[in-house]
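*Asks:* My questions all concern the structure below.
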Amino acid sequence: MPVSIAIIGAGPAGLTFARLLQVSPINSQLTVTVFEHDSSPKSRLLQGGTLDLHTDTGLAALKKCGLWEEAIKHLRYDGEEMTIADKNDTHIFHMKSDGPKFKSKGSGGELDYERPEMDREVLKDMLLGSVDAEWVKWGKTLQSIDETTGVLIFRDGTTAGPFDLVVGADGAWSKVRHVLTDLRPRYSGICGFEGRVPNPNDYPDLSKAVGRGSYFSCSDGKFLGGQRMGDESIKVSAWVKREGSEGKSWTADTMTAYGDNEERLKAKILEDFQDWTPRQRRFLMAATNWRPWTLYELPIGEFWDHKKGYTLLGDAASLMTPFAGEGVNKAMKDCLELAEQLEKALQAEGDFDEAARQYEENMFPRAKKTQMATMRNKTGAFSKEGPVSVAVGAVDDIAEELGKDLSKGILSWIPFKTMLWFYIVSRQWVGAWRRTVSEMIWRE
Ligand SMILES: Cc1cc2nc3c(=O)[nH]c(=O)nc-3n(C[C@H](O)[C@H](O)[C@H](O)COP(=O)(O)OP(=O)(O)OC[C@H]3O[C@@H](n4cnc5c(N)ncnc54)[C@H](O)[C@@H]3O)c2cc1C
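The numbering used here applies: residue 7 is where the sequence shown begins, and numbers increase by one.
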C-alpha cells in the first residue's frame, strides 16, 4: 500500500514539499494530495513582494527540486544591492549590486554567500508549474481535523482521508497546528502598509535610492523601505511600532476610516514620518495600491510534542516577522529536511512516522535560531537608534556565517561592536548636522 500524504496549503512550503516528493526516488511509494484554500492558481492577485533566497536553504531547495535551470532565468542577482539609512537619509551601509560572493566555512563546509531576489509570484508560479496538476485541489479550505478518525473536514462541507501523514503548510493560521499544540500567533507589535510605485521612471530620485535592490531606513521605532521588483516597479513598505490592542487594530481601523480615499490614506500614513526627509516621504506619496499588514509571530523556541501522523512546515511551524528575510528560506529548508527523512525511511523500509519525528527534532533548534535572529533584527530596527542597533546586533550573525568566533583568539581582542557603534553614530551625527544646515540654506 502506498503511503498517503496530505499537504495543507499550496504556498512556497506546500509546493516545494510536493515537488520534492514528486522528484524523489520514493515517488512510486506515495500518494500525495495538496489541499489549497485559494479557489484557483490566479485567484490571489497581489501575492506580495520580492524574496531573497539563500544559498543553503531556498536556493538549495530549488536545486533539489530540479528547477535550477528555470530558477536562474528569474533570480535577480543584482537585487542584492542594499542601502541602509536613518530618517535623515544618512547612508549607513551600501552593498553594491554584485554583492559579496565570498566563501565561508559554515557548519556544512564551504559555502557561497549569495542572496539573489525572486518575486514571490514568480517563485509560486514556477513551483506550481512543476507539481503534477492532479495533485493540487483548489478551493479546499481545511476547517478542522477529526482527531479520532484523522478525517479532514473542509469549509465546503466535504471531507478527505484519513491519511498516513498530514503536513500542515497552511501558514500563520494553520488549522493542522491545532491538532499538535495550543500555541497561537500573537501580535508582534509591528504593523504597517505596503504599496507600489508602478512608474519608477517618473521618480528618478526614488529609483536611484533603491538601485537594483533595496533601500531600507529606520529610526524612532519606524521603518520605511523601497524594493525593486522583477517588473521594475518599487514596492514601498511603511512599518511602525504600535503595541497593545490599539496597535493590533490600527491598520484595519485606518483602512476602514480612509481606505476609500487613497490621498487621505497616504496623508494618514505620512503622519508617522513627518520628520523624515522629503525624498523618504516621496516614497509614500508616489506609491499606490496600499495594503494593510498586522504582523504576527509565534513564541520563540516553543514547539510541540510529536504526534503520529502530523507535522508542520514553514510559517505554520514557526511564524516570524519579515525583518530578517528568513521566512521563505526557513520554510524551504524544512521541506528539504522532511523530504530527505521520509526518503531515507522508505528506502530502508523504516518507520516513516519516525522520519517525521526526526525532522521535527532537527528543525526545532534551527527554527529557534532563525526566530532569534529575526527578533534581534526587529528589536534593533524598531528601537530609537534604528540602524546602529541592527548593525551591532548583526555582528555575531555575520561572524558565525563567516565561520569566525569573535570570543576566541586574536579576534576577542578587537572590540568590533564598539568600533561599529562609534562609526555609525558619528556618521548619523554628521548626517543630521548636514541635513539641518542644508534645510537652513534652502529656507533662506
Ligand atoms: C509583508 C511580508 C513580507 C515578507 N517578506 C519576506 C522576505 O522578504 N523574505 C522572506 O524570506 N520571507 C518574507 N516573508 C515571509 C514569507 O512570506 C513566509 O515565510 C512564507 O510565505 C511562508 O511560506 P508558507 O508556505 O509556510 O506559508 P504561506 O505563504 O502563508 O502559504 C500558506 C498557504 O496555505 C493556504 N492556506 C491557509 N490556510 C489554509 C487552510 N485552512 N486550508 C487550506 N489552505 C490554507 C494559503 O492560501 C497559502 O497558499 C514576508 C511576510 C510578510 C507578511
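Glycine included, every Cβ here is placed at the ideal spot set by N, Cα and C. Quick caveat, the model's predicted, so the values are computed rather than measured.
Among N267, S243, A273 and S194, which has the Cα closest to the Cα of G253?
*Replies:* The residue given as residue 253 occupies position 247 in the sequence shown. Closest option to G253, Cα to Cα, is S194.
*Asks:* For the alpha helix (DSSP H) containing H100, list its first residue and its last residue.
*Replies:* What you label residue 100 is simply residue 94 of the sequence shown in a count that begins at 1. Not the alpha helix (DSSP H): H100 falls in the beta strand (DSSP E), residues H97 to M101.
*Asks:* Can you check the region 149-193 for any beta strand (DSSP E) of at least 3 residues that lies completely inside it and give the ranges in chain order?
*Replies:* 157-160 and 171-174
*Asks:* Under 8 Å, with one C-beta from each stretch per pair, do the region 67-82 and the region 244-264 reach the 3-pair mark?
*Replies:* no
*Asks:* Within 10 angstroms of its Cβ, does N267 collect 16 or more other Cβ (buried), or is it exposed?
*Replies:* On the sequence shown, position 261 is the one that residue 267 refers to. Its Cβ having fewer than 16 others within 10 Å, N267 is exposed.
*Asks:* Let me check one thing: in DSSP terms, what residues is F222 bridge-paired to?
*Replies:* Position 216 of the sequence shown holds residue 222. DSSP lists I90 and G231 as partners of F222.
*Asks:* At the level of alpha carbons, what is the spacing between A400 and D162?
*Replies:* Taking the first residue of the sequence shown as 1, we reach residue 400 at position 394. Taking the first residue of the sequence shown as 1, we reach residue 162 at position 156. Each residue's Cα considered, the two are about 47 Å apart.
*Asks:* Does the Cβ of E346 lie closer than 7 Å to at least one heavy atom of ligand 1?
*Replies:* As a working note, residue 346 is residue 340 in the sequence shown. The answer is no for E346.
*Asks:* Quick one: what does DSSP say M446 is sitting in, helix, strand or coil?
*Replies:* On the sequence shown, position 440 is the one that residue 446 refers to. In this structure, M446 counts as helix in the three-state DSSP scheme.
*Asks:* Using CA coordinates, which residue listed in E367, D311 and M381 is at the minimum distance from G331?
*Replies:* One-based indexing of the sequence shown puts residue 331 at position 325. Per the Cα distances, M381.
*Asks:* Should W256 be counted as a contact of ligand 1 given a C-beta to heavy atom distance under 7 Å?
*Replies:* Within the sequence shown, numbered from 1, the residue matching residue 256 stands at position 250. Outside the cutoff, so no.
*Asks:* For the structure I just gave you, are there three or more beta carbon pairs, one from the region 22-31 and one from the region 339-358, closer than 8 Å?
*Replies:* In short, these stretches touch, since the Cβ pair count reaches three.
*Asks:* From T424, S239 and K143, pick the residue whose C-alpha is nearest to that of G20; which is it?
*Replies:* Residue 20 sits at position 14 when you count from the first residue of the sequence shown. Answer by Cα proximity: K143.
*Asks:* Strictly by DSSP, which residues pair up with Y302?
*Replies:* Along the sequence shown, read from residue 1 onward, the residue named residue 302 stands at position 296. BP columns for Y302 point to Y193.
*Asks:* Taking contact to mean 3 or more Cβ pairs, one atom from each stretch, closer than 8 Å, check whether the region 290-308 and the region 362-382 are in contact.
*Replies:* yes
*Asks:* If you measure between the beta carbons of S251 and R202, is that distance less than 8 Å?
*Replies:* As a working mapping, residue 251 is identified with position 245 in the sequence shown. As a working mapping, residue 202 is identified with position 196 in the sequence shown. Using a Cβ distance threshold of 8 Å, S251 and R202 do not count as a contacting pair.
*Asks:* Please report how far the alpha carbon of E42 lies from the alpha carbon of H100, in whole angstroms.
*Replies:* Counting from one through the sequence shown, the residue named residue 42 turns up at place 36. Counting from one through the sequence shown, the residue named residue 100 turns up at place 94. About 40 Å.
*Asks:* Relative to the alpha-carbon of G15, which residue among R183, K102 and E360 has its alpha-carbon at the smallest distance?
*Replies:* As a working mapping, residue 15 is identified with position 9 in the sequence shown. G15 has its Cα closest to that of R183, out of R183, K102 and E360.
*Asks:* Taking the Cβ atom as the reference point for each residue, do E123 and L57 lie within a distance shorter than 8 Å?
*Replies:* Numbered from its first residue, the sequence shown carries residue 123 at position 117. Numbered from its first residue, the sequence shown carries residue 57 at position 51. For E123 and L57, yes; Cβs fall inside 8 Å.
*Asks:* Answer with buried or exposed for I447, where buried requires no fewer than 16 other C-beta atoms within 10 angstroms of its C-beta.
*Replies:* As a first step, residue 447 must be located in the sequence shown, where it is residue number 441. The residue is exposed, with fewer than 16 neighbouring Cβ atoms inside 10 Å.
*Asks:* If contacts are defined as beta-carbon pairs under 8 Å, then V246 and G227 qualify, I think. What distance do you get, rounded to the angstrom?
*Replies:* In the sequence shown, counting from the first residue as 1, residue 246 sits at position 240. In the sequence shown, counting from the first residue as 1, residue 227 sits at position 221. That belief holds up - the Cβ atoms of V246 and G227 are roughly 7 Å apart, short of 8 Å.
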